[in-house]
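Asks: Protein chains in written order, with the numbering used here: chain A, 375 to 777; chain B, 375 to 777.
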């Protein structure tokens with residue numbers, strides 16, 4: 375059941391869908407047998423909503439697979455993350471809010487350290503300080519022949535590099551050997567159309583090496599590695615696939631970028647709190663059929679290993695929920711793009727608590743929103759990409775399939 | 375999500391996984407509404423482990439599909455049994471502990487009875503006694519041109535035949551018409567490279583017919599049928615796919631053979647009891663990252679329709695479980711390769727109770743290991759091939775998927 379199949383069934387309706395995503399929502403207990411972050415949180419509004427919802431656990435890509443934000447979000451947006459891929463460089467670039475044009479190529483860069491013989495001794499250049507990294511990146515930004523190279527520091531050694539100009543190609547190998555102890559690889563055209571690309575990128579790397587070497591005070595880095603050349607992916611647009619005027623409400627650039635890649639309209643958010651995001655939702659309520667509302671702080675707390683801060687963020691979102699429900703959406707989805715248990719201090723493979731509410735779901739009589747409650751739910755263990763079709767059905771936006 | 379995808383995510387770790395397989399574990403109650411074999415068994419250790427585990431029901435190949443040992447095991451080893459096939463002859467040969475070389479071809483044989491016009495009247499030759507069958511097989515073992523034919527009785531009319539020599543091919547039709555009332559088919563080369571193969575195999579069949587006819591006392595069989603010519607399959611090796619030093623502990627040749635086909639190291643077991651197998655586990659604990667431990671007697675009791683013997687075997691394994699847990703494995707899987715309900719006296723399609731234990735699973739608070747308990751578990755109904763990725767994730771052996 376692919377996007378084309380769904381698109382052919384989509385019918386117009388006057389209904390509204392809200393997808394509330396708490397990033398890294400799923401968790402684990404501090405002690406085996408204990409309660410997870412979500413189970414610990416006092417969430418009277420989510421619990422009341424759960425009682426009127428269908429519950430389940432969603433799997434972003436596959437059993438046992440831990441995902442980054444890119445594939446995690448594609449899944450909840452209804453795209454198969456194994457079919458639709460976002461290149462590493464593109465994801466870094468959208469994460470920096472860089473404007474990518476359809477013909478641009480983006481690539482992920484690393485400042486690194488090589489020894490006198492040119493062998494990489496530290497792929498991360500001792501995690502070079504971000505301010506040094508930014509100063510270097512400004513100097514690396516240049517033009518070679520008719521190609522612009524825009525270099526931006528993500529953080530420390532991590533760079534996003536956008537190439538703009540005629541005759542670009544993404545068919546170039548990575549120069550990053552991915553391990554210390556090897557020399558950076560020369561960049562080679564992987565098909566004949568990429569000859570010019572290889573030529574200018576090799577010049578860019580050599581120029582970058584000289585610029586870094588000439589920089590004072592001498593930085594820990596002395597070389598640049600590149601990997602993941604890719605164009606902006608041309609995904610089928612979310613609004614057309616699903617027949618929805620779709621808005622994204624997110625504070626962090628990565629999520630705004632992914633939403634933009636699938637063709638959602640990204641709304642400006644004044645201030646950076648969850649409450650500010652709910653205000654944007656209210657103000658734009660009449661203009662769209664679908665709202666993706668993204669809460670980042672659950673994931674940040676999980677990554678920091680801060681169980682109780684993650685609990686607090688969930689409780690804060692719970693307190694805001696009545697503002698969402700007051701808008702009387704036809705369908706509400708509450709879920710995450712993946713799990714980020716505080717005990718693991720990072721993303722994990724655990725299925726994500728998921729709730730789908732509408733007038734037409736079969737409710738389960740489970741008055742709780744949590745991992746174990748969702749594990750008893752009638753949605754079962756479902757691939758994240760199945761959430762959108764179920765939401766569309768509940769919004770009366772899918773016609774009958776006859777043959 | 376195929377093996378290649380997983381292999382690209384595998385990272386090294388110092389963790390150990392034990393997969394305890396009770397063959398034919400799943401069952402049915404004697405009376406509708408009653409308890410299954412596993413539910414009847416007194417299993418305090420398995421129940422305690424279930425309380426600290428994630429539970430589910432696994433499906434070897436697909437809903438409603440009953441499997442033989444071959445596909446059943448490929449599934450729990452993480453291979454898609456519909457993609458990776460083991461020829462019938464190869465499975466019979468590995469079941470006899472015959473050493474198969476990469477260029478050998480194996481085929482399944484049947485002693486059968488034909489009438490005066492050559493029509494098959496009994497494909498099983500009245501289930502010819504095994505001792506007669508063995509005497510005949512010794513006489514059929516021969517050499518034709520430069521090809522060796524090794525004929526071995528599996529049981530009664532069932533034979534494994536291994537062909538060894540230059541220029542073999544597996545592109546030959548079956549001579550077995552699969553139904554009584556038809557003549558055996560002549561063997562035909564299905565591609566030009568199989569001409570020699572067709573020639574020598576037709577000679578072999580004719581020679582075999584004459585040898586059987588000349589045998590005294592006159593056996594119930596008077597002909598030989600062949601089906602499933604195949605080479606030893608070249609599966610991606612389990613240790614490389616999953617980054618695990620993998621050991622198999624099994625008493626029965628078929629299971630030792632399947633483990634060997636996927637590249638596990640098969641450990642010798644002195645004595646044939648379950649306790650002997652646990653001793654091998656203990657002795658080799660430091661040498662491997664992954665242990666497949668196979669208990670055959672659950673299946674044998676089920677095949678015999680002996681409900682209470684199957685209960686007893688499960689209770690015996692339960693008593694041994696503390697020896698396994700004392701080794702402090704990071705991940706423990708308890709499952710079966712398929713169901714063998716005593717009331718059906720054979721393999722069945724019923725999903726198999728499955729438990730996955732680690733520090734990082736979400737436990738369900740279900741203090742029981744049984745079919746209905748597993749049906750309430752958060753693993754849901756899962757394809758057997760998903761067990762390995764989940765186990766690898768829990769053993770912290772899978773990297774994050776970015777795009």
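Quick reminder that beta carbons are idealized off the backbone N, C-alpha and C, glycines included.
Beta carbons nearer than 7 Å to chain B: which residues of the stretch 455-489 of chain A have them?
Replies: Within the stretch 455-489 of chain A, the residues whose Cβ lies closer than 7 Å to some Cβ of chain B are 456, 459, 460, 461, 462, 465, listed in chain order.
Asks: Could you tell me which chain A residues have their CB closer than 9 Å to the CB of residue 767 of chain B, listed as they occur along the chain?
Replies: Going along chain A in sequence order, the residues near residue 767 of chain B (Cβ under 9 Å) are 437, 438, 439, 440, 722, 723, 724.
Asks: Exposed or buried, residue 390 of chain A, counting other C-beta atoms within 10 Å across all chains shown (16 or more means buried)?
Replies: Its Cβ being crowded by 16 or more others within 10 Å, residue 390 of chain A is buried.
Asks: If the cut is a Cβ gap below 7 Å, which residues of chain B does residue 749 of chain A touch?
Replies: Per Cβ cutoff of 7 Å: 738, 752.
Asks: Given residue 606 of chain A, which residues of its chain have a CB within under 8 Å of its CB, disregarding the five upstream and five downstream residues?
Replies: These residues qualify, in order along the chain: 464, 474, 475, 476, 478, 480, 635.
Asks: Figure out for me which residue from A/766, A/671, A/686, A/760 has the closest Cα to the Cα of residue 625 of chain A.
Replies: Minimum Cα distance to residue 625 of chain A is reached at A/671.
Asks: For residue 356 of chain B, report the span of its beta strand (DSSP E) as first-last.
Replies: There is simply no residue 356 of chain B to check, as chain B begins at 375 and stops at 777 in what is shown.
Asks: What residues in its chain sit with their C-beta under 7 Å from that of residue 467 of chain A, if we drop five residues either side in the sequence?
Replies: Result list for residue 467 of chain A: 474, 480, 534, 536, in chain order.
Asks: From the beta carbon of residue 593 of chain A, is the nearest beta carbon of chain B less than 9 Å away?
Replies: Cβ-Cβ to chain B under 9 Å: no for residue 593 of chain A.
Asks: Considering Cα atoms alone, identify which of B/441, B/761, B/428 is closest to residue 741 of chain B.
Replies: Here the closest residue by C-alpha is B/428.
Asks: Given that residue 610 of chain A touches chain B, what residues does it touch there, using C-beta distances under 8 Å?
Replies: The premise fails here: residue 610 of chain A is roughly 17 Å from chain B at the closest Cβ pair, so nothing lies under 8 Å.
Asks: What are the complete alpha helix (DSSP H) segments, minimum 4 residues, inside the stretch 547-591 of chain B?
Replies: You should have 569-588.
Asks: My assumption, with CB atoms under 8 Å, is that residue 509 of chain B sits in contact with residue 543 of chain B. Please give the rounded CB distance.
Replies: Contact flag wrong, Cβ pair sits at about 30 Å.
Asks: Report yes if the C-beta distance between residue 611 of chain B and residue 668 of chain B is below 9 Å; otherwise report no.
Replies: Contact flag unset, no.
Asks: Report whether the distance from the Cβ of residue 762 of chain B to the nearest heavy atom of the ligand NAP is below 8 Å.
Replies: What this structure holds is no ligand at all, so the ligand NAP is not there to describe.
Asks: To the nearest angstrom, report how far apart residue 641 of chain A and residue 386 of chain A are at their CA atoms.
Replies: Rounded to the nearest angstrom, the two C-alpha atoms are 23 Å apart.
Asks: Under 9 Å Cβ-Cβ, which residues of chain A neighbour residue 418 of chain B?
Replies: Ordered by position in chain A, no residue passes the 9 Å Cβ test against residue 418 of chain B, which lies about 18 Å from the chain.
Asks: The alpha helix (DSSP H) spanning residue 445 of chain A covers which residue range?
Replies: Start and end: 443-450.
Asks: Three or more C-beta pairs under 8 Å: does that hold for the stretch 449-456 of chain A against the stretch 577-595 of chain A?
Replies: The answer is no - the stretch 577-595 of chain A does not touch the stretch 449-456 of chain A, with fewer than three Cβ pairs under 8 Å.
Asks: Which whole-angstrom value describes the C-beta separation of residue 714 of chain A and residue 676 of chain A, a residue pair presumed to lie in contact below a C-beta threshold of 8 Å?
Replies: With a Cβ gap of about 3 Å, residue 714 of chain A and residue 676 of chain A count as contacting.
Asks: Whole angstroms are fine: how far does the CA of residue 660 of chain B sit from the CA of residue 765 of chain B?
Replies: Taking the straight line joining both Cα atoms gives about 19 Å.
Asks: Taking Cβ-Cβ distances shorter than 9 Å, what residues in chain B pair up with residue 449 of chain A?
Replies: What residue 449 of chain A touches in chain B: nothing, since even the nearest Cβ is about 11 Å away.
Asks: How about residue 728 of chain A: is its C-beta nearer than 9 Å to some C-beta of chain B?
Replies: Output row for residue 728 of chain A: interface = no.
Asks: Buried or exposed: where does residue 566 of chain A fall if 16 or more other Cβ atoms within 10 Å of its Cβ makes it buried?
Replies: Counting Cβ neighbours within 10 Å, residue 566 of chain A comes out exposed, since fewer than 16 surround it.
Asks: Within 10 angstroms of its Cβ, does residue 482 of chain A collect 16 or more other Cβ (buried), or is it exposed?
Replies: So residue 482 of chain A counts as buried.
Asks: Give me the chain B residues within the contact set of residue 444 of chain A, using Cβ-Cβ distance strictly less than 7 Å, ordered along the chain.
Replies: In chain order: 776, 777.
Asks: Tell me the residue span of the alpha helix (DSSP H) that contains residue 776 of chain A.
Replies: It is not in any alpha helix (DSSP H) - residue 776 of chain A carries neither H nor E in the DSSP assignment.
Asks: Buried or exposed for residue 633 of chain B, please, with buried defined as at least 16 other CB atoms from any protein chain shown within 10 angstroms of its CB.
Replies: Label assigned to residue 633 of chain B: buried.
Asks: Locate the beta strand (DSSP E) running through residue 728 of chain A, then write down its first and last residues.
Replies: That run of the beta strand (DSSP E) goes 726-732.
Asks: Is residue 708 of chain A near residue 769 of chain A, with beta carbons less than 9 Å apart?
Replies: Contact: no.
Asks: My output table needs one value for residue 664 of chain B: the three-state DSSP class, helix, strand or coil.
Replies: Strand at residue 664 of chain B.
Asks: On the three-state DSSP scale, how would you describe residue 481 of chain A?
Replies: Of the three classes helix, strand and coil, the one that applies to residue 481 of chain A here is strand, per DSSP.
Asks: Between residue 717 of chain A and chain B, is any beta-carbon pair separated by less than 9 Å?
Replies: For residue 717 of chain A, the answer is yes, since a Cβ of chain B falls inside 9 Å of its Cβ.
Asks: Would you say residue 664 of chain B faces chain A, with C-beta separation under 9 Å as the test?
Replies: No, residue 664 of chain B does not count as interfacial toward chain A.
Asks: Taking CB distances under 9 Å as the criterion, tell me whether residue 349 of chain A reaches chain B.
Replies: Absent from the model: residue 349 of chain A. The displayed extent of chain A is 375 to 777, so no value can be given.
Asks: To the nearest angstrom, report how far apart residue 459 of chain B and residue 608 of chain B are at their CA atoms.
Replies: Taking the straight line from one Cα to the other gives about 10 Å.
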